[in-house]
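Each residue of the sequence shown is one higher than the one before, starting from 1 at the first, in full-length UniProt numbering.
One structure is given below, encoded as structure tokens.
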Amino acid sequence: MIPVTSIAQAGGAKQDTITTSDGSSNDTKNAKEQGIAPTTSDQQKSDNQETDPSTTDEHNSDSQETNSSATDDQNMNEQGTSPFSTTDEQTMDKQETEPSTSTTEEQKSEATASPTKPEHSEIGRARGVGADDTLTWGNASWTFDSDSGILTINSGELDSYETSPWRRETDGIDGNQIKKIIFTGPTTAPEYSGSLFANLTNLTEIVNLPNLDTSKTTNMDRMFLGCQSLNALDLSNFNTSNVTSTEWMFQDCASLTELNLETFDTSKVTKIWMMFSGCAKLTSLDLSMFNTKNVGTMGKLFYGCSSLTSLNLSGFDTSSAKNMGHVFEGCTSLKNLDLSSFNTKNVTTMMKMFTNTQFSSLTLGDKFKNLGSDCGLTAPSALNAGDQLTGKWIRKDGNSKAYDSVDFMKKIGEELKAGTYVAELKNDTAILETDISFSIDSGKTIATNAVIGDQLQGEITVKHTAESPTGSTAVAVKLTNIKLLTDAWVLSTSVTIATFDQNGNQTATEVQTISNNEVSLPTLPYGSYLKISLTGTVWEKTDASPSYNCHYTLYHKNKSGVQKVDKSDNFVSNSGLLSFKSVPNISFKESFLPTEFNQIIDRKDADYAITVADYRSAQLPSDGTTAKPDRLNWDIIATASPFKDAAGKTIKLSTLAISFTNKSGQTKELGSDAVLIASHDVTGETARNNHLTKLSWAKDNGFKAIVHNRADLDTTNYTADVSFDLRTAP
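Here it is, written out as structure tokens:
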């Protein structure tokens, strides 16, 4: 056995005190460590008659006044600027599917843009309702600067939309001139806030919108309808706890790119018909916080949101919904749609729910049931560029038959269960192969072996063989029976899967969890390949074996059926080192030169500690050549050199020395003869659980300085070298 040696320093007196130098760091200690070896068509318009819920007479009358060119039959208040505006038939559809309610003459003017008025440099001080002759909306005074297009609304309570500055019968302003609205102070919105800002087509900004108190509001239908120049709305300060309806709320806000609804309380809302319809520039919408348990009408919810690429509906409870017609129609940019939270038990129609969409991934939950073939679902688009498709839907994991769009919707909830569905690929006779390599430097170089304690990386490669036909694709690819250096290499449960194209460019990456020794892999078109990265720590040694110590199985499907590739290999891991992890310097307290003989000086560090690292294997050798494992009991012995003063003069051990007191109270002075300071029993230990051992000595034990005779000492610092040897116990 070659002992592992570490040297620490100890110190002596300066002036009338004995002091020690500070302990050096682990990096500087003198240690010798050695190891032990779309637009709606006429046909679509006609179809809508079957799905659109009805609107009230109030809504129909509103539209007549909103669109000055509308005919008697055009009863929906939708602007002609959106390619997805509601048609005459759609209006009638809604009337036919829900009973209409009678309205008063006052309600029939909703959502009406006022006729053009003569220009004024400022309106608000001519004639009015207030005592000071200012014009008011409710009791909130307002002014308008026609040059800048700024409408300023002061504190107060607003009345309904009919009395707004741009709709009032006298002293009104041209709504088309309004570019900015400023709320100067706390303002209360009316209980019925429907059409409050509707059809302000040139409005680009609402300043201080948080000043608008909506806590009493119960209806927000058409609130921002037709505000086609607004590009951002932050409604995070809106109190919507009493709102019951938000139909058409943002319809045809065609320039809107940012919409913050993160605090919207929709717990009382029952109708969200066409709420976001025609928001053609909106790219992302997170509605995961929406409470939709009471919503019965949600048709055309995202109709014509042609730029939408991200839509989070994970919190949607649709158990009360009856109408889902046209919900996603025209969402041409939306590729991945997750409806796993949808419950369709009460839905009576999904007509054209998915018309004019191009999904590449559709996730459905176990409460999404078959509702016929008129939902308009199209053939799936490709997940990856260059994928050759059959035009059918199939479970992403390959565990289902493939169906065209019509049959797919018929089978959902019956033969087809909850899951994510994607395009079936033309797989021909794809043939795959696989290999595995290891590294201990994060993949920079390939390793042929490792030692206990190493961070080991494994990389499994999956690719097409030379015999795999051009244009073929492997599907339902997975790794199973993953047993790599079993018990010796403790793997992380997470693996990283990277996809590369035929030019070596990484095209995708995902992280998966190993479950039951299995990992599902992406479909693999011809020319592409996969790299699966595994990481873990080696905690035991392994030998090369005729039966191999690394095993896994690659499965995939081609037109001939399920294909299986078994892979086995060897990787050697060796026993690690027994070494010092840390040996701090020993510092003694500053002391006056003693007047007595054999004066003891304590350490500064009352709990001085040494740490030992042991990465040796605890298992018996497999070759039978020896009966002992590598991991054996060990000792630490110490020796010390005489102290030297600051000038380098050697001090005799009979004058100043270092002593060691063990836990039994026995004390020995250190010199050239080795003193046993620790013995360690490794019985029952493993490298994984016991690779670090900390040895410490309390205040009354361990190392101390002892002054035998002060006569030969000066007032200065004294240092000595203490050598520690780590060895296998005799």
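Every residue gets a Cβ at the ideal spot worked out from N, C-alpha and C, and that includes glycine.
Contact annotation: the region 597-612 touches the region 703-712, with at least three C-beta pairs closer than 8 angstroms. In the structure shown, the three-state DSSP call for Arg-395 is strand. For Asp-435, no alpha helix (DSSP H) run applies; the uninterrupted beta strand (DSSP E) run containing it begins and ends at 432-439, by DSSP. Residue range 561-569 is occupied by the beta strand (DSSP E) that includes Lys-564. When C-alpha distances from Glu-205 are compared across Trp-634, Lys-581 and Ser-148, the shortest belongs to Ser-148. Contact between the region 551-560 and the region 403-416 is absent: fewer than 3 CB-CB pairs across the two stretches fall below 8 angstroms. Residue state for Val-295 is assigned as coil, using DSSP reduced to three classes.
Distance between Thr-661 and Asp-614, taken at the CA atoms: about 25 angstroms. Counting the other CB atoms within 10 Å of its CB gives Tyr-548 a total below 16, which places it among the exposed residues. As computed with DSSP, Glu-157 is found in a beta bridge with Thr-188. For Tyr-421, DSSP records a beta bridge to Leu-362 and Arg-395. Sequence-distant partners of Ser-307 (beyond 5 residues in either direction) whose C-beta falls short of 7 angstroms from its own C-beta, in its chain, are Ala-280, Lys-281, Leu-282, Thr-283 and Ser-333. By the CB criterion at 8 angstroms, Ser-155 and Thr-134 fall outside the cutoff.
Note that the C-beta distance between Lys-463 and Glu-510 is not below 8 angstroms.
For Asn-237, the CB contacts under 6 angstroms within the same chain, skipping 5 residues up- and downstream, are Pro-210 in chain order. Taking one beta carbon from each stretch, the region 452-467 and the region 503-517 have fewer than 3 pairs nearer than 8 angstroms; the two do not touch. Apart from sequence neighbours up to five positions away, the residues of its chain that approach Phe-368 with a beta-carbon distance below 7 angstroms are Leu-339, Phe-342, Thr-344, Ile-412 and Gly-413, ordered along the chain. Rounded to whole angstroms, Cys-305 and Leu-233 show a C-alpha spacing of 16 angstroms. Note on geometry: alpha-carbon atoms of Phe-316 and His-326 lie some 17 angstroms from one another. Nearest in C-alpha terms to Phe-224, of all of Met-275, Thr-542, Asp-407 and Thr-214, is Met-275. In the structure shown, Gly-443 falls within a coil segment according to DSSP collapsed to helix, strand and coil. In the structure shown, Glu-467 adopts coil according to DSSP, grouped into three states. Residue pairing by DSSP places Trp-137 opposite Ala-140 in a beta bridge. Within the same chain, Val-451, Ile-452, Gly-453, Tyr-615, Arg-616 and Ala-687 come within 7 angstroms of Gly-576 by CB-CB distance, once the 5 residues on both sides are set aside. The beta carbon of Asp-441 sits closer than 8 angstroms to the beta carbons of Ala-447 from its chain, once the five residues preceding and following it are set aside; these are given in chain order. Just measuring C-alpha positions, the residue of Lys-180, Ser-314, Lys-604 and Ile-182 sitting nearest Asp-700 is Lys-604. The alpha carbon of Thr-363 has as its nearest neighbour, out of Ser-468, Pro-642, Ala-254 and Pro-380, the alpha carbon of Pro-380. Taking every protein chain shown into account, the CB of Glu-191 has fewer than 16 other CB atoms within 10 angstroms, so this residue is exposed.
Taken in chain order, the complete beta strand (DSSP E) segments of 3 or more residues contained in the region 170-221 are 180-183 and 205-207. Comparing alpha-carbon positions, the option among Asp-171, Leu-212, Ser-164 and Asp-213 lying closest to Asn-199 turns out to be Ser-164. Per DSSP, the unbroken alpha helix (DSSP H) holding Val-406 starts and ends at 405-411.
Residue burial annotation: Thr-349 is buried, with at least 16 other C-beta atoms found within 10 angstroms of its C-beta. If you draw a straight line from the Cα of Ala-254 to the Cα of Ser-229, it comes to about 7 angstroms. Asp-487: not part of any beta strand (DSSP E); DSSP gives it neither H nor E. Ranked by how close their Cα comes to the Cα of Thr-611, the residues Thr-429, His-680 and Pro-629 have His-680 in first place.
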